[in-house]
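> What the sequence shown shows, in the numbering used here, is residues 2 to 363, in sequence order. Note that the Cβ used here is the ideal one computed from N, Cα and C, for glycine as well. Take a look at this one; I'll ask things after.
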Amino acid sequence: MKHITLSDIRWKVARKVVASMLLCLPFVGARAAGESGSSLTPITVIYFTGSSEGFLVNVMTEQHFFEKNGLMPSFAKATSGPAITSALASGSVQFAPGYPALYLPALKQNRDLIVASPFVQPGFYNIIAQASFDIKNPGIGLTEEAKANLKLLLGHQVGVTALGAQTQVTAQLLATKAGLDWHKITFIPTGGASTAIASFLNKQIDFLVTWPPEDGILASRKAAYKTVVNSATSEENQFENLINNTWMANGEFVRTHPKAALGLCRAAIEASTFIANPMNKDAVLAIMKKYQGITQDEAEYEYGKWRWEWAPSQANYLSKARWDAQSRYLVGTSIAGYVPDYEKYVNKDCMELGRQAIKAAR
2 MKHITLSDIR WKVARKVVAS MLLCLPFVGA RAAGESGSSL TPITVIYFTG
52 SSEGFLVNVM TEQHFFEKNG LMPSFAKATS GPAITSALAS GSVQFAPGYP
102 ALYLPALKQN RDLIVASPFV QPGFYNIIAQ ASFDIKNPGI GLTEEAKANL
152 KLLLGHQVGV TALGAQTQVT AQLLATKAGL DWHKITFIPT GGASTAIASF
202 LNKQIDFLVT WPPEDGILAS RKAAYKTVVN SATSEENQFE NLINNTWMAN
252 GEFVRTHPKA ALGLCRAAIE ASTFIANPMN KDAVLAIMKK YQGITQDEAE
302 YEYGKWRWEW APSQANYLSK ARWDAQSRYL VGTSIAGYVP DYEKYVNKDC
352 MELGRQAIKA AR
């Protein structure tokens, strides 16, 4: 299995094939077609369906936050992180999750991206092993025990969502931090939660980089596994300030449609606020079940453990310090240490709305 690094991503080729990777689905909202009128700005949103990062879009859809903020969305289904970033940078779509391991190289290549929401989804990737491996109790964070466990990845097959995806880059970063040569790891693409879990439970892979709702699915099935590293577990434990994603917009769209761009920002903040409010628990669980294809028990697990990830809080705010910290994802690459100018890539009015939302949530 060939190892694919960030330098292998070829943006021009990705743009040519992105159209075939997207299945655009028109939105059916609360308003009839005649009621939507021309006052709503049409946008296209691309994301991984059934994913945790896509959950914010699911809430925006079900609660009609797009329309309430002057937007008429259609949706594009993505098959890879590079395809998402390429489509967003080219202007094929206007709104998408931005993964640091992918948007940083794009910004280095002067791709036209702007942060679209003030809140991030903190890093939530951990690594698990088949129960047959001799694994030490890793504790929380990159402990000495976790580093010892990571050595077992060398020469074995590790499941990631896709080759070159942030799940792979996270594993590479953890291995590097443990003093290991990640090139000796064989990465296997396992796709989304359902196929990844199936690959692991059928022992087609030795290790798996997990993310919500996979941990809830494993718990509900009482699956036998061992934890290699708990790199991120709670609001108090966020590994090296790393994030899973922030929401980004096409830069040209932001410049030519400033009101609509701010509408995107407001819609995202309203969705975060809705998720964080415990009074909305039943509605949130219903949306999780509908879009992620999980059971009530699995939704309850994800809600209980990870709801804080969507809250409008200082812990989730994309400050300059947090923005700068994402350069850690570039360790071992040709652009290691690259930190793009924060002021250039954030929407200042949107960031101010985020600060106001934090105050209101206290």
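(1) Taking the alpha helix (DSSP H) that Gln-167 falls in, what are its first and last residues?
(2) Measure the alpha-carbon distance for Asp-135 versus Tyr-126 and round it to whole angstroms.
(3) Would DSSP call Ile-47 helix, strand or coil?
(4) Jot down the residue ranges of each uninterrupted beta strand (DSSP E) in the region 78 to 132, minimum 3 residues, whole runs only, in chain order.
(5) What three-state label does DSSP hand Gly-333 in the structure shown?
(6) Could you give the first and the last residue of the continuous beta strand (DSSP E) run that contains Tyr-339?
(7) Pull up the CB-CB distance for Ala-362 and Ser-320, whole angstroms please, since I reckon it's below 8 Å.
(8) By a C-beta neighbour count over all protein chains shown, 10 Å radius and 16 as the cutoff for buried, is Val-19 buried or exposed?
(9) From the DSSP output, read off the bridge partner residues of Lys-227.
(10) Could you tell me the boundaries of the alpha helix (DSSP H) in which Pro-259 lies?
(11) Helix, strand or coil, according to DSSP, for Ala-312 in the structure here?
(12) The alpha helix (DSSP H) spanning Thr-196 covers which residue range?
(13) Is the number of C-beta pairs between the region 138 to 148 and the region 204 to 214 that are closer than 8 Å three or more?
(14) Give the secondary structure of Leu-72 by DSSP, where H, G and I count as helix, E and B as strand, and everything else as coil.
(15) Spatial neighbours of Tyr-302 within its chain, please: CB distance less than 6 Å, with the 5 preceding and 5 following residues excluded, ordered by chain position.
(16) Mind checking who Trp-248 pairs with in its DSSP beta bridge?
(17) Cutting at 6 Å between CB atoms, please list the residues of its own chain near Ala-358, excluding the five before and the five after it.
(18) For Ala-300, I'd like the list of residues in its chain whose CB is within less than 7 Å of its CB, leaving aside the five on either flank, ordered along the chain.
(19) So for Gln-158, helix, strand or coil by DSSP?
(20) May I ask you to check if the CB of Val-121 is nearer than 6 Å to at least one heavy atom of the ligand NAD?
(21) List the endpoints of the continuous beta strand (DSSP E) containing Leu-209.
(22) Quick check: what's the CA-CA separation for Lys-223 versus Leu-202?
(23) Looking at the unbroken beta strand (DSSP E) that takes in Ile-189, where does it start and where does it end?
Reading off the structure:
(1) For the purposes of this step, residue 167 is taken as the residue at position 166 of the sequence shown. From DSSP, the alpha helix (DSSP H) with Gln-167 extends over 167 to 178.
(2) Against the sequence shown, residue 135 aligns to sequence position 134. Against the sequence shown, residue 126 aligns to sequence position 125. Straight-line Cα distance between these residues: approximately 21 Å.
(3) Taking the first residue of the sequence shown as position 1, residue 47 is located at position 46. Note: Ile-47 maps to strand in three-state DSSP.
(4) 96 to 99, 114 to 123, 127 to 131
(5) Walking along the sequence shown from the start, residue 333 turns up at place 332. Here Gly-333 sits in coil by DSSP.
(6) As a first step, residue 339 is located in the sequence shown; it is residue number 338 there, counting from the start. Note, Tyr-339: premise wrong, no beta strand (DSSP E); not H, not E.
(7) Numbered from 1 along the sequence shown, position 361 holds the residue referred to as residue 362. Numbered from 1 along the sequence shown, position 319 holds the residue referred to as residue 320. About 16 Å separates the two Cβ atoms, so there is no contact after all.
(8) Walking along the sequence shown from the start, residue 19 turns up at place 18. Low confidence applies to Val-19: its pLDDT is 34, below 50, so where it sits in the model is not reliable, and the reading given next is rough at best. Buried.
(9) Here residue 227 refers to the residue found at position 226 of the sequence shown. Answer is Ala-130, bridged to Lys-227.
(10) Here residue 259 refers to the residue found at position 258 of the sequence shown. Counting along the chain, Pro-259 sits inside the alpha helix (DSSP H) bounded by residues 259 to 277.
(11) Counted from its first residue, the sequence shown places residue 312 at position 311. Correct three-state label for Ala-312: coil.
(12) As a working mapping, residue 196 is identified with position 195 in the sequence shown. Residues 194 to 202.
(13) no
(14) Taking the sequence shown and counting its residues from 1, the one referred to as residue 72 is at position 71. DSSP places Leu-72 in strand when its eight states are reduced to three.
(15) Walking along the sequence shown from the start, residue 302 turns up at place 301. If you ignore the 5 residues before and after Tyr-302, its C-beta comes within less than 6 Å of the C-beta of Gly-217, Ala-220, all in its own chain and listed in chain order.
(16) On the sequence shown, residue 248 is found 247 positions in, with the first residue counted as 1. Paired residue(s): Pro-98.
(17) For this step, residue 358 is matched to residue 357 along the sequence shown. Within the same chain, Ala-358 has close Cβ partners Ile-270, Pro-313.
(18) Numbered from 1 along the sequence shown, position 299 holds the residue referred to as residue 300. Cβ within range, chain order: Leu-286, Met-289, Lys-290.
(19) Locating residue 158 in the sequence shown gives position 157, where the first residue counts as 1. Of the three classes helix, strand and coil, the one that applies to Gln-158 here is strand, per DSSP.
(20) The ligand NAD is not among the ligands present in this structure, which contains no ligands whatsoever.
(21) Counted from its first residue, the sequence shown places residue 209 at position 208. Unbroken beta strand (DSSP E) run through Leu-209: 208 to 211.
(22) Within the sequence shown, numbered from 1, the residue matching residue 223 stands at position 222. Within the sequence shown, numbered from 1, the residue matching residue 202 stands at position 201. The alpha-carbon atoms of Lys-223 and Leu-202 are separated by roughly 11 Å.
(23) Sequence index remark: in the sequence shown, residue 189 carries index 188 (1-based). From DSSP, the beta strand (DSSP E) with Ile-189 extends over 187 to 190.
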